[in-house]
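*Asks:* Numbering (my numbering), first residue to last: 95 to 495.
Where is the CB? At the ideal position from N, CA and C, for every residue including glycine.
Below: one structure in C-alpha cells.
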C-alpha cells in the first residue's frame with residue numbers, strides 16, 4: 095500500500111485495485127467451487143450392495159426357523175445411457191465459464207473506475223496548483239500597492255481589494271484541496287482502503303489519447319466479457335438441452351450375485367438380473383422442449399447485449415468527440431485570449447492605465463480558463479476510460495476461457 099509522502103502512478107493504482115479490490119475476492123473461491131461441481135458431474139454412479147434372506151421365521155412347517163432359508167448377496171450397477179455423464183459435465187463447464195465471464199466483467203469495470211478516479215484525482219491536484227499560483231501572484235502585487243499608496247497614487251482601499259483577492263484565492267485553494275482529498279479517497283477505495291496514503295499522483299492530463307476508427311472499436315465489442323457471457327449462456331443452454339435429451343434415454347441396471355440355499359446340501363447358485371425402464375409415457379419431452387426454447391432465449395439475449403454495447407460505445411464516442419472539440423476551443427481561443435488580456439492589463443497596470451480591479455478580473459479570468467481546460471481534459475480522460483472499458487482487453491482475458 096502507498097505510504098504518506100509517496101507519489102502514486104496510474105500503473106500502481108491499477109495494480110493495487112486489481113489485486114486488492116474486495117469485489118474481486120469472491121471469484122477465486124467461486125471458480126474452485128465450479129471445479130468441484132465439474133468433478134462431481136464427472137463421477138459415475140456408485141454400485142449398490144444388496145443382501146436379503148427368504149423363507150425364514152415362518153409360522154409352521156418347513157419355513158419355521160432358518161432351515162429352509164435362502165440368502166442372496168448381490169451387487170447392482172446403474173449404467174447410464176445417452177451420454178449423461180458427458181452432458182452433465184458440459185453443463186458444469188459452461189457454468190464455470192459464466193463465473194469466469196463475471197470475473198472478467200468485474201475486472202473491466204474496476205479498471206475503468208480506477209482510470210476515471212485517477213483522472214479526477216490528478217485534475218484536483220493540478221487545480222490546487224493553479225489556485226496556489228493565483229495566491230502567490232495576488233500576494234506579489236501587495237508591495238507594489240503599498241508603494242502606490244505611499245506615493246499617493248491610490249487610496250488604502252486598493253490594498254483592501256488586494257487582500258480580499260488573496261483571501262478569495264486561498265479559499266478557492268482550500269476548496270480544491272478538499273476536492274483532491276475526496277478524489278484520493280475515492281481512488282483508494284478501489285483497492286479497499288479507507289485512507290489515501292499517498293500524497294500526490296503522477297501524470298498529466300494534457301496528453302489526450304487517440305482512438306481507433308469506429309469500425310475497429312465495434313469489432314472489439316465481440317471480445318467484451320459481457321458479450322462473451324451471453325455467448326456462453328447459449329453454450330450452457332445447448333448443453334442443458336443435450337442433458338435433457340440424454341435424461342430421456344433409459345438407463346440399464348445390471349445385477350450379479352450369489353444365492354445360498356440353507357436347506358439340504360447347503361448349495362449355492364449365481365444370480366443375475368437386468369432392469370430397463372420403459373419410456374412409454376415419459377421420455378423427458380417437457381424438459382427437452384423447455385431447454386430447446388431456452389437456447390433461443392439465450393441467442394436473442396446475446397444479440398440484445400451486442401446492440402446495447404454498440405449503443406453504449408456510440409454514446410461514449412460522441413461524448414469524447416464533443417469534449418475534444420471543447421478542449422480544442424479552450425486551447426485555441428479561450429486560453430490565448432485570457433492570457434493576452436492578462437498580459438495587456440498587467441502591462442497597463444504597471445503604467446497606470448488600468449486599476450487593480452481590472453488586474454484582479456484579468457487574473458481571475460486567466461485562472462478560470464486554465465481550470466476549465468483542466469476540467470475538460472479530465473472529462474476527456476474519463477470518456478476515454480469508458481471506451482477502453484468497452485473495447486480494450488484486460489491482461490489475461492481470452493474469449494476461449
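Taking just the CA atoms, how far does residue 174 sit from residue 306?
*Replies:* So the alpha carbons of these two residues sit roughly 54 angstroms apart.
*Asks:* Hey, could you find the ends of the beta strand (DSSP E) residue 143 is sitting in?
*Replies:* From DSSP, the beta strand (DSSP E) with residue 143 extends over 142 to 148.
*Asks:* Could you name each continuous beta strand (DSSP E) segment of 3 residues or more that falls completely within the segment 275 to 362, going from the start of the chain to the end?
*Replies:* DSSP runs (the beta strand (DSSP E)) wholly in the segment 275 to 362: 346 to 355.
*Asks:* Anyone know if the C-beta pair for residue 259 and residue 221 falls short of 8 angstroms?
*Replies:* No.
*Asks:* Could you pull the start and end residues of the beta strand (DSSP E) that residue 195 belongs to?
*Replies:* Residue 195 -> not in any beta strand (DSSP E); alpha helix (DSSP H) instead, spanning 178 to 234.
*Asks:* Measure the alpha-carbon distance for residue 500 versus residue 379 and round it to whole angstroms.
*Replies:* Because the chain is modelled from 95 through 495, residue 500 falls outside the range shown and cannot be assessed.
*Asks:* Alpha carbon to alpha carbon, what distance is there between residue 246 and residue 283?
*Replies:* Cα-Cα distance, rounded: 57 angstroms.
*Asks:* By the 10 Å Cβ neighbour count, where 16 or more other Cβ atoms means buried, how is residue 359 classified, buried or exposed?
*Replies:* Exposed, since its Cβ has fewer than 16 Cβ neighbours within 10 Å.
*Asks:* Whether or not the segment 161 to 178 and the segment 131 to 143 are in contact is what I'm after, with contact meaning three or more pairs of Cβ atoms, one per stretch, closer than 8 angstroms; do they touch?
*Replies:* Output reads yes: the segment 161 to 178 touches the segment 131 to 143.
*Asks:* Just reading off the beta strand (DSSP E) that residue 168 is part of, what are its end residues?
*Replies:* Looking at the DSSP string, the run of the beta strand (DSSP E) that includes residue 168 is 164 to 173.
*Asks:* Just to confirm, are residue 176 and residue 343 a CB contact at a threshold of 8 angstroms?
*Replies:* For residue 176 and residue 343, yes; Cβs fall inside 8 angstroms.
*Asks:* Let me know the secondary structure DSSP gives residue 451 once reduced to three states.
*Replies:* Residue 451 falls in the helix class under three-state DSSP.
*Asks:* So the candidates are 428, 485, 471 and 346; which of them puts its Cα closest to the Cα of residue 322?
*Replies:* Of the candidates 428, 485, 471 and 346, the one whose C-alpha sits nearest the C-alpha of residue 322 is 485.
*Asks:* Within the same chain, show all residues whose beta-carbon is closer than 6 angstroms to that of residue 199, passing over the 5 residues directly before and after it, in chain order.
*Replies:* So the list reads 319 and 320, once near-sequence residues are dropped.
*Asks:* Who are the Cβ neighbours of residue 219 in its own chain at under 7 angstroms, not counting the five residues just before and after it?
*Replies:* Excluding residues within five positions, the ones whose Cβ falls inside 7 angstroms are 274, 294 and 295.
*Asks:* For residue 369, which of helix, strand or coil comes out of DSSP?
*Replies:* Here residue 369 sits in strand by DSSP.
*Asks:* Let me make sure I understand the geometry here. Which of 286, 371, 341 and 407 has the alpha-carbon closest to that of residue 108?
*Replies:* Residue 286 is the option with its Cα nearest to residue 108.
*Asks:* Can you name the start and end residues of the alpha helix (DSSP H) that residue 109 belongs to?
*Replies:* Start and end: 104 to 114.
*Asks:* Pull up the distance between the alpha-carbon of residue 466 and that of residue 422, whole angstroms please.
*Replies:* Straight-line Cα distance between these residues: approximately 12 angstroms.
*Asks:* For residue 364, list the residues DSSP reports as bridge partners.
*Replies:* Partner(s): 352.
*Asks:* With respect to the alpha helix (DSSP H) encompassing residue 121, which residues constitute its N-terminal and C-terminal limits?
*Replies:* Unbroken alpha helix (DSSP H) run through residue 121: 121 to 135.
*Asks:* Between the alpha carbons of residue 182 and residue 390, how many angstroms are there, rounded?
*Replies:* If I take the Cα positions, the gap works out to 20 angstroms.
*Asks:* Distance check for residue 420 and residue 277, CA to CA, integer angstroms please.
*Replies:* Those two C-alpha atoms are separated by around 23 angstroms.
*Asks:* Return the Cβ separation of residue 210 and residue 476 in integer angstroms, given the expectation that the two are a contact with Cβ distance under 8 angstroms.
*Replies:* Indeed, because the Cβ distance is near 5 angstroms, the residues count as touching under 8 angstroms.
*Asks:* Are there 16 or more other CB atoms within 10 angstroms of the CB of residue 478, so buried, or fewer, so exposed?
*Replies:* By the 10 Å Cβ count, residue 478 comes out buried.
*Asks:* DSSP puts residue 101 in a beta bridge; with which residues?
*Replies:* 294, per the DSSP bridge assignment.
*Asks:* How many whole angstroms separate the CB atoms of residue 292 and residue 101, which I take to be in contact at a CB cut-off of 8 angstroms?
*Replies:* Their Cβ separation, rounded to whole angstroms, is 7 angstroms, which keeps residue 292 and residue 101 in contact under 8 angstroms.
*Asks:* If we count Cβ pairs, one from each stretch, closer than 8 angstroms, do we get three or more for the segment 236 to 245 versus the segment 426 to 442?
*Replies:* In short, these stretches do not touch, since the Cβ pair count stays below three.
*Asks:* Shortest alpha-carbon distance to residue 255 belongs to which of 329, 325, 452 and 483?
*Replies:* When only C-alpha atoms are compared, the closest one is 452.
*Asks:* Can you have a look at residue 151 and say buried or exposed, based on whether 16 or more other CB atoms are within 10 angstroms of its CB?
*Replies:* Classification of residue 151: exposed, given that the 10 Å Cβ count is below 16.
*Asks:* Residue 404 by DSSP, collapsed to three states: which one?
*Replies:* Helix at residue 404.
*Asks:* Does DSSP put residue 246 in a helix, in a strand, or in coil?
*Replies:* Coil.
*Asks:* If you draw a straight line from the C-alpha of residue 454 to the C-alpha of residue 267, how long is it?
*Replies:* The straight-line gap from Cα to Cα measures roughly 16 angstroms.
*Asks:* Counting along the chain, where does the alpha helix (DSSP H) carrying residue 436 start and finish?
*Replies:* 429 to 444 is the span of the alpha helix (DSSP H), which, as asked, contains residue 436.
*Asks:* Just confirm the distance between the C-beta atoms of residue 480 and residue 206, as a whole number of angstroms; I'd bet it's less than 8 angstroms.
*Replies:* Right, the Cβ-Cβ distance comes to about 6 angstroms (below 8 angstroms), so this counts as a contact.
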